[in-house]
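Engineer:
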Amino acid sequence: MRHLSFFLAFLLLPAVASAMVDGAAVYAATCSACHGQGIAGAPKFSDAAAWKPRIAQGMETLVKHAQEGFQGKSGFMPAKGGNASLSNAEVAAAVKYMTEAAEK
Ligand code: HEC
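Numbering (our numbering), first residue to last: 11 to 114.
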C-alpha cells in the first residue's frame, strides 16, 4: 500500500504543477523588465506610494489594463507586458503578486 501511494504521488505531481500559475515567476520573466526599477514610467515593484492609487482602481481594472494594454499618464503598459505567449491567468497572477508586494 505504501508503494502504491508513492507511485500515485509521482503520477499526480506534474499535473498539479502545470495547473498552478506562478505569479512570481511570470513577474520575474516578463514584468520585472520595466516594473523592477520603474523604467519608462512603470510603477516600481513594492513601491507602496506608486501602487496605492492604482490599487484603488480595483483589481478588475488593473488586471484588464495588464492583459489588454493601457496608455496612462506616466507611460505605456503593453498588453501582457509585450509577451503574447502569456495566458490571461498568468498575467492576472502576476498582477496579484505585484499588488500584494506593494501592500506589504
Ligand atoms: C515595457 C515596459 C513594461 C512591461 C514589460 C510591463 N509593464 Fe506594466 N506598466 C508599464 C508602464 C509604463 C505602466 C504605467 C502606465 C501609466 O499609468 O501611465 C504600467 C502599469 C501597469 C499596471 C497598472 C495599470 C493601472 O491601471 O494603473 C499594472 C497592473 C501592470 N503594469 C502590470 C504588468 C504586468 C503584470 C506585467 C508583466 C506581464 C507588466 N506590467 C509588464 C510598463 C511595463
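Ideal placement from N, C-alpha and C gives every residue a C-beta, glycine not left out. Fair warning: this is a prediction, and the values are worked out from it, not measured in the lab.
1) Using the C-alpha atoms, what's the distance from Gly68 back to Ala38?
2) Count the other C-beta atoms from every protein chain shown that fall within 10 angstroms of the C-beta of Met30, then say buried if there are 16 or more, exposed otherwise.
3) Residues in the same chain with beta-carbon distance under 7 Å from Gly46, minus the five sequence neighbours each way, listed in chain order, please.
4) Using a Cβ-Cβ cut-off of 6 Å (strictly less than) and excluding sequence neighbours within five positions of Ala89, which residues of its own chain qualify?
5) If distances are taken between C-alpha atoms only, which option among Ala112, Lys106, Glu110, Ile49 comes closest to His75?
Structural biologist: Working from what's here:
1) Rounded to the nearest angstrom, the two C-alpha atoms are 23 Å apart.
2) Classification for Met30: exposed.
3) Hits under 7 Å: Phe55.
4) These residues qualify, in order along the chain: Glu78, Gly79.
5) Taking the Cα of His75 as reference, the smallest distance to any Cα among Ala112, Lys106, Glu110, Ile49 is reached at Lys106.
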